Amino acid sequence: MTADLVWLDGQLVPADAARFGLLTHSLHYGTAVFDGGRHYRLADGGVGVFRLDDHVRRFLASAAALWMPLPWTALQLRDATLAVVRASGRGDGYVRQLAFYGDARIGLGARNPVHVAVMAWDPSGSPGAHVRVRIASIGHGAGWIPTAKHAGHYGRAFLALREAEASGHDDALFLGDDGTVVEATGANLFLVRDGRLVTPPDHQPLLPGFTRATVLALAADLGIPVLEAPVPRHHLFAADEVFLANSAAELRPVVLVEGRPLPAPGPVTAQLVARYHAVVRGEDPRHRSWIARVEAP
């Protein structure tokens, strides 16, 4: 999983040249924000970044939530992202925007310069891979901004993921303060019960991802009824199907929840996966506006 050329503070440079020192503020204090999604080889032979404009808007909103001034507009970041994907030469891949405080001075309150980078790489793992999940022993807690992709918030996700892997699972599910299941370490949660799609509502402490929004739109297209409601823990064990959704790994059917096997993919999940793959490759004219095409130089 390597990046070749990266866009750094307005220029395309070799990835090896994008180095920062040990006093980088964000390395010590987690003061960075990021966003990103996948790009695909389209059915007509071109390349497109899926929901790029949404990701760029959230990237800017995350920076604002951290009081981080970015010297680049949404249009400039959009163009930078397309330039990086073009330079990578890949059809399918992952592209990320990152903003962080640099290495002028150390100290929590240091006013260090903000750097902005965009990079693309081949994602690790297989999109749509089946997963086994458990309930994390740590909760979300308070004092964070669930709608911002703030690097410091991912410390608890890292711990929960390591805990899950140590017990023979692939991912973990977080419980909110009310004891209901809200999301996985880096993905939104969906259940299917009696043919109806159920997902925790976005007013709960979760990141309402764009893959989540895409799934809800595709369910409407397909006539699948949807319920956005809190998910008590025991509903996981009564579900007919469970899957996770995020931009990098797409839709991942859950085959095991706390030792209980599930059919994967179930019929509703399989239908949504097929429709999702058609949409991201530009095969569905209703949703081509979600694709930012990478034009030839």
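For the sequence shown, our numbering gives the first residue as 27, with consecutive numbering after it.
We put the beta carbon where it would ideally sit given N, CA and C, even for glycine.
Nothing here was measured: the structure is a model prediction, and the numbers come from that model.
Closest to Leu92 by CA distance: which of Arg104, Gly74, His81, Tyr55 is it?
Locating residue 92 in the sequence shown gives position 66, counting from the first residue. Residue Tyr55 is the option with its Cα nearest to Leu92.
Counting contacts by CB-CB distance shorter than 7 Å, is Ala91 in contact with chain D?
Given the protein chain composition of this structure (a single chain), no chain D is represented.
Assigned exposure category for Glu284 - 16 Cβ within 10 Å defines buried
Position 258 of the sequence shown holds residue 284. Exposed, because fewer than 16 other Cβ atoms sit within 10 Å of the Cβ of Glu284.
Go ahead and pull the three-state DSSP assignment for His156.
Taking the first residue of the sequence shown as 1, we reach residue 156 at position 130. Of the three classes helix, strand and coil, the one that applies to His156 here is coil, per DSSP.
How is His65 classed by DSSP in three states: helix, strand or coil?
As a first step, residue 65 is located in the sequence shown; it is residue number 39 there, counting from the start. It is a strand residue.
Quick one: is Ala100 buried, meaning 16 or more other Cβ sit within 10 Å of its Cβ, or exposed?
As a working mapping, residue 100 is identified with position 74 in the sequence shown. So Ala100 ends up on the exposed side.
Close beta carbons around Gly235, own chain, < 8 Å, minus the five adjacent residues each side:
Walking along the sequence shown from the start, residue 235 turns up at place 209. Taken in chain order, the residues that qualify are Ala213, Asn214, Ala271, Asn272, Ser273.
Can you tell which of Arg116, Val159, Val280, Gly178 has its C-alpha closest to the C-alpha of Ser193?
For this step, residue 193 is matched to residue 167 along the sequence shown. Measuring from the Cα of Ser193, the nearest candidate turns out to be Val159.
I need the boundaries of the beta strand (DSSP E) containing Ala271, first residue and last residue.
As a working mapping, residue 271 is identified with position 245 in the sequence shown. 267 to 272 is the span of the beta strand (DSSP E), which, as asked, contains Ala271.
Tell me Ile250's beta-bridge partners as DSSP assigns them.
Here the question's residue 250 lines up with position 224 in the sequence shown. Partner(s): none; Ile250 has no beta bridge.
Strictly by DSSP, which residues pair up with Phe200?
Your numbering for residue 200 matches position 174 in the sequence shown. Paired residues: Glu209.
What's the C-alpha gap between Gly71 and His51?
Position 45 of the sequence shown, counting from 1, holds the residue named residue 71. Position 25 of the sequence shown, counting from 1, holds the residue named residue 51. Computed Cα separation, rounded: 42 Å.
Reference Trp33; option with closest CA among Phe200, Val111, Phe85
As a first step, residue 33 must be located in the sequence shown, where it is residue number 7. The shortest C-alpha separation from Trp33 is found at Val111.
Compute the Euclidean distance between the alpha carbons of Ala265 and Asp30, then round it to the nearest angstrom.
Here residue 265 corresponds to residue number 239 of the sequence shown, with the count starting at 1. Here residue 30 corresponds to residue number 4 of the sequence shown, with the count starting at 1. Cα to Cα, the separation comes out at about 43 Å.
Which two residues bound the contiguous alpha helix (DSSP H) that contains Phe216?
One-based indexing of the sequence shown puts residue 216 at position 190. That residue, Phe216, is in no alpha helix (DSSP H); its beta strand (DSSP E) goes 214 to 219.
Whose CA, out of Ala143, Asp42, His156, lies closest to the CA of Leu10?
Given that the chain is displayed from residue 27 to residue 323, the structure contains no residue 10 and the question cannot be resolved.
Just list the beta strand (DSSP E) runs in the stretch 88 to 141, keeping only unbroken ones of 3 residues or longer that don't cross its boundaries, in chain order.
Counting whole runs of 3 or more residues, the stretch 88 to 141 contains the beta strand (DSSP E) stretches 119 to 127.
Length of the line joining the Cα atoms of Leu38 and Arg77
Counted from its first residue, the sequence shown places residue 38 at position 12. Counted from its first residue, the sequence shown places residue 77 at position 51. Leu38 and Arg77: Cα-Cα distance of roughly 23 Å.
Leaving out five residues before and five after Ile132 in sequence, what residues of the same chain have Cβ atoms less than 6 Å from its Cβ?
For this step, residue 132 is matched to residue 106 along the sequence shown. Only Leu49 meet the Cβ criterion.
Over the uninterrupted alpha helix (DSSP H) stretch that includes Leu34, give me the two end residues.
Taking the sequence shown and counting its residues from 1, the one referred to as residue 34 is at position 8. No alpha helix (DSSP H) holds Leu34; the beta strand (DSSP E) holding it covers 31 to 34.
C-alpha distance - Arg286 paired with Val59, whole-angstrom precision
As a position in the sequence shown, residue 286 is number 260, starting the count at 1. As a position in the sequence shown, residue 59 is number 33, starting the count at 1. About 36 Å.
Could you check which residue in Gly128, Val218, Arg84 has the C-alpha nearest to that of Arg122?
Looking up residue 122 in the sequence shown gives position 96. Answer by Cα proximity: Arg84.
Where Leu86 and Trp98 are concerned, what is the direct C-alpha to C-alpha distance, given to the nearest angstrom?
One-based indexing of the sequence shown puts residue 86 at position 60. One-based indexing of the sequence shown puts residue 98 at position 72. Approximately 9 Å between the Cα atoms of the pair.
Measure how close the beta-carbons of Leu199 and Ile161 come, nearest whole angstrom, since I'm counting them as under 8 Å.
For the purposes of this step, residue 199 is taken as the residue at position 173 of the sequence shown. For the purposes of this step, residue 161 is taken as the residue at position 135 of the sequence shown. Rounded, the Cβ-Cβ distance is 5 Å, consistent with contact.
Per the DSSP calculation, His176 is bridged to which residue(s)?
On the sequence shown, residue 176 is found 150 positions in, with the first residue counted as 1. For His176, which the question treats as bridged, DSSP gives the partners Val59.
Bounding residues of the beta strand (DSSP E) (the contiguous stretch that carries Arg222)
Here residue 222 refers to the residue found at position 196 when the sequence shown is read from its first residue. Unbroken beta strand (DSSP E) run through Arg222: 222 to 225.
Could you check the C-alpha separation between Gly128 and Val140 for me, to the nearest Å?
Translated into positions along the sequence shown, residue 128 becomes position 102. Translated into positions along the sequence shown, residue 140 becomes position 114. Computed Cα separation, rounded: 6 Å.
Quick test of your reading: Val75 and Thr107, contact by CB under 8 Å. State the CB separation rounded to the nearest angstrom.
Position 49 of the sequence shown, counted from the start, is the residue given in the question as residue 75. Position 81 of the sequence shown, counted from the start, is the residue given in the question as residue 107. At roughly 6 Å, the Cβ-Cβ gap stays under 8 Å, so Val75 and Thr107 are in contact.
Within this structure, are the beta carbons of Val268 and Leu217 separated by less than 7 Å?
Here residue 268 corresponds to residue number 242 of the sequence shown, with the count starting at 1. Here residue 217 corresponds to residue number 191 of the sequence shown, with the count starting at 1. Cβ atoms of Val268 and Leu217: closer than 7 Å.
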